[in-house]
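A.B. asks: First residue of the sequence shown? That's 0 in numbering that gives the first Met the number 0, and the numbers climb one at a time after it. Where a beta carbon is used, it is the ideal one built from N, C-alpha and C, also for glycine. Remember, it's a predicted structure, so these values are computed and weren't measured experimentally.
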Amino acid sequence: MGNRDSGQDGLTPAALVRTEAAALEALAVRLDGAMAGDFGRAVELVVRCGEGRGRVVVTGMGKSGIIAQKIAATLSSTGSPALFLHPAEAVHGDLGVYTAGDPTVLVSKNGSSEELRTLAPLLRDFNSPLIGILGSVSSPLAAELDVLLDASIEREADPNNLAPTASAITALAIGHALAIALMCARKFTPEEFGRLHPGGQLGRNLRLFVRAAMHAEDAVARVAPDTPLRDVIIAMTRKPLGAACVVGPNGTLAGFITDGDLRRVLTNHDDIRTLRAEDAMTRHPVTIGPGATLGEALELMERRESQISVLPVVDDAGRALGLVRLHDLFLGSQRGSPEIL
0 MGNRDSGQDG LTPAALVRTE AAALEALAVR LDGAMAGDFG RAVELVVRCG EGRGRVVVTG
60 MGKSGIIAQK IAATLSSTGS PALFLHPAEA VHGDLGVYTA GDPTVLVSKN GSSEELRTLA
120 PLLRDFNSPL IGILGSVSSP LAAELDVLLD ASIEREADPN NLAPTASAIT ALAIGHALAI
180 ALMCARKFTP EEFGRLHPGG QLGRNLRLFV RAAMHAEDAV ARVAPDTPLR DVIIAMTRKP
240 LGAACVVGPN GTLAGFITDG DLRRVLTNHD DIRTLRAEDA MTRHPVTIGP GATLGEALEL
300 MERRESQISV LPVVDDAGRA LGLVRLHDLF LGSQRGSPEI L
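#1: Do the CB positions of Ile152 and Val106 come within less than 8 Å of each other?
#2: Could you check where the beta strand (DSSP E) with Leu147 kicks off and where it finishes?
#3: Which whole-angstrom value describes the C-beta separation of Ile132 and Ile173, a residue pair presumed to lie in contact below a C-beta threshold of 8 Å?
#4: Let me confirm a value: Ser305 is counted as buried when at least 16 other C-beta atoms fall within 10 Å, else exposed. Which label applies?
#5: Which same chain residues, not among the five before or five after Ala156, have their C-beta less than 6 Å away from its C-beta?
#6: Confirm, please, whether the CB-CB distance from Met60 to Glu143 is below 8 Å.
#7: Could you give the C-beta distance for Leu161 and Met34, rounded to a whole number, given that I count them as a contact under 8 Å?
#8: Tell me which residue opens and which closes the alpha helix (DSSP H) that Ala165 is part of.
#9: Between which residues of its own chain and Val45 is the CB-CB distance below 7 Å, once the five residues before and five after are set aside?
#10: What do you get for His214, buried or exposed, if any count of 16 or more other CB atoms within 10 angstroms of its CB means buried?
#11: Determine the closest residue to Ala242 out of Ala253, Arg221, Gly288 and Ser111, with distance taken between C-alpha atoms.
#12: His175 to Thr73, Cα distance in whole Å?
#13: In angstroms with no decimal places, state the Cα-to-Cα distance between Gly288 and Asp230.
#14: In whole angstroms, give me the CA-to-CA distance for Leu265 and Ala167.
#15: Using the C-alpha atoms, what's the distance from Asp314 back to Glu338?
#16: Rounded to a whole number of angstroms, what is the C-alpha to C-alpha distance between Pro227 and Ser75?
#17: What residue does the beta strand (DSSP E) around Pro311 start on, and which one ends it?
#18: Tell me whether Gly32 is buried or exposed, calling it buried when 16 or more other Cβ atoms sit within 10 Å of its Cβ.
#19: Work out the CA separation of Lys62 and Asn126 for me, nearest whole Å.
#20: Could you give the residue range of the alpha helix (DSSP H) that holds Ala25?
#21: Taking the C-alpha atoms as reference points, what is the distance between Ala184 and Leu129?
#22: Buried or exposed: where does Lys186 fall if 16 or more other Cβ atoms within 10 Å of its Cβ makes it buried?
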């Protein structure tokens with residue numbers, strides 16, 4: 000889109016995003032200052048109520064309702080069981096989701112939604128602590144709350160200051176902050192996160208061990224440091240996994256040769272007949288243990304200046320056990336029966 004105008008006031012897409020970013024920066028200042036105490040009380044309320052068997056109920060109308068659904072989903076996925084309650088449906092039987100003491104998070108841009116104003120006093124019958132994420136601290140709904148979290152903004156990002164843009168992202172940010180604060184308060188672990196996300200790549204990364212995805216010794220090209228380079232190429236051709244483990248007499252990993260290493264050697268030498276494995280290998284390669292998770296392996300491969308696509312797997316004594324490829328991390332288990340945390 001370039002810098003073409005996106006509205007009647009000549010606002011560019013970048014300017015719209017900066018308006019939202021400014022709203023978030025103002026929120027961060029409030030969270031560090033005047034709002035810190037209220038936020039802490041909100042966390043304490045939910046933690047205290049969560050010690051029972053209840054859950055967090057999140058509600059909102061219209062666009063705020065969509066934000067409320069996302070907040071509920073984030074809470075549930077980070078160790079704070081939550082559900083979304085449509086405020087209009089609540090008074091037609093859906094209040095049955097409550098157990099005594101379940102806290103409610105009410106999300107509203109203006110705090111004047113008739114549905115939320117009707118719902119709030121009814122929730123007192125369920126001893127529900129009320130936490131509001133409101134864009135107007137002086138709204139009618141604000142008076143009904145136990146804790147008010149200020150989601151006010153200077154203006155929306157659209158030229159007419161109408162569409163819930165900056166207000167929506169601000170409310171969502173407060174919901175995310177609440178979810179992560181609760182996650183920390185409850186000492187929610189990566190292992191617990193993995194149990195709640197068993198499907199998809201995220202779940203595999205957290206639940207599967209490298210030993211479940213690696214190619215073991217007999218499937219991997221293994222050569223000695225003095226193996227002629229021609230024989231290294233033959234070994235890697237017979238077991239085409241993109242690399243070979245260079246192994247010393249005691250089984251320890253002496254080095255690692257990838258397809259890229261071979262290409263570099265062939266580019267730099269007209270005659271390879273005198274070359275050995277040790278002339279092409281990386282002597283101190285990045286390695287991983289069989290008990291690491293796939294997520295940890297992915298971190299080692301990708302969070303570096305020069306990404307790598309294959310890792311040698313070694314035990315605590317440095318003995319070569321095999322290798323794992325980036326491709327394997329996305330396939331999961333090599334043996335069809337995943338080993339999970």
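C.D. replies: By the coordinates alone:
#1: Counting from 1 along the sequence shown, the entry for residue 152 is found at position 153. Counting from 1 along the sequence shown, the entry for residue 106 is found at position 107. No.
#2: On the sequence shown, position 148 is the one that residue 147 refers to. Here the beta strand (DSSP E) through Leu147 covers Val146 to Asp149.
#3: Numbered from its first residue, the sequence shown carries residue 132 at position 133. Numbered from its first residue, the sequence shown carries residue 173 at position 174. So it is a contact: roughly 5 Å between Cβ atoms.
#4: The count along the sequence shown starts at 1 and reaches residue 305 at position 306. Looking at its Cβ environment, which holds fewer than 16 other Cβ atoms inside 10 Å, Ser305 is exposed.
#5: Taking the sequence shown and counting its residues from 1, one reaches residue 156 at position 157. So the qualifying residues of the chain are Leu15, Thr18, Glu19, Thr164 and Ala165.
#6: Sequence index remark: in the sequence shown, residue 143 carries index 144 (1-based). Sequence index remark: in the sequence shown, residue 60 carries index 61 (1-based). Result no, Cβ atoms of Glu143 and Met60 do not sit closer than 8 Å.
#7: Looking up residue 161 in the sequence shown gives position 162. Looking up residue 34 in the sequence shown gives position 35. Their Cβ separation, rounded to whole angstroms, is 26 Å, which puts Leu161 and Met34 out of contact at 8 Å.
#8: For the purposes of this step, residue 165 is identified with residue 166 of the sequence shown, where counting begins at 1. Counting along the chain, the alpha helix (DSSP H) containing Ala165 begins and ends at Ala165 to Ala184.
#9: If you number the sequence shown from 1, residue 45 lands on position 46. Contacts found: Val55, Ser79, Pro102 and Leu181.
#10: Mapped onto the sequence shown, residue 214 falls at position 215. By the 10 Å Cβ count, His214 comes out buried.
#11: By 1-based counting over the sequence shown, the position of residue 242 is 243. Comparing Cα positions, the closest option is Arg221.
#12: For the purposes of this step, residue 175 is identified with residue 176 of the sequence shown, where counting begins at 1. For the purposes of this step, residue 73 is identified with residue 74 of the sequence shown, where counting begins at 1. Answer to the nearest angstrom: the Cα atoms are 7 Å apart.
#13: Within the sequence shown, the letter at position 289 stands for residue 288. Within the sequence shown, the letter at position 231 stands for residue 230. If I take the Cα positions, the gap works out to 28 Å.
#14: As a working mapping, residue 265 is identified with position 266 in the sequence shown. As a working mapping, residue 167 is identified with position 168 in the sequence shown. The alpha-carbon atoms of Leu265 and Ala167 are separated by roughly 57 Å.
#15: In the sequence shown, residue 338 corresponds to position 339, counting from 1. In the sequence shown, residue 314 corresponds to position 315, counting from 1. Confidence at Glu338 is low in this model, with a pLDDT of 46, below 50, so the placement of that residue is unreliable and no value is reported for it.
#16: On the sequence shown, residue 227 is found 228 positions in, with the first residue counted as 1. On the sequence shown, residue 75 is found 76 positions in, with the first residue counted as 1. Their backbone Cα atoms lie some 57 Å apart in a straight line.
#17: Stepping through the sequence shown from its first residue, residue 311 is reached at position 312. Segment Val309 to Val313, the beta strand (DSSP E) holding Pro311.
#18: The residue you call residue 32 lines up with position 33 of the sequence shown. Per the 10 Å Cβ criterion, exposed.
#19: Here the question's residue 126 lines up with position 127 in the sequence shown. Here the question's residue 62 lines up with position 63 in the sequence shown. Near 27 Å, if we compare the C-alpha coordinates of Lys62 and Asn126.
#20: Position 26 of the sequence shown holds residue 25. Run containing Ala25: Pro12 to Asp31, per the alpha helix (DSSP H) assignment.
#21: Counting from 1 along the sequence shown, the entry for residue 184 is found at position 185. Counting from 1 along the sequence shown, the entry for residue 129 is found at position 130. Between Ala184 and Leu129, the C-alpha separation is close to 20 Å.
#22: The residue given as residue 186 occupies position 187 in the sequence shown. So Lys186 ends up on the exposed side.
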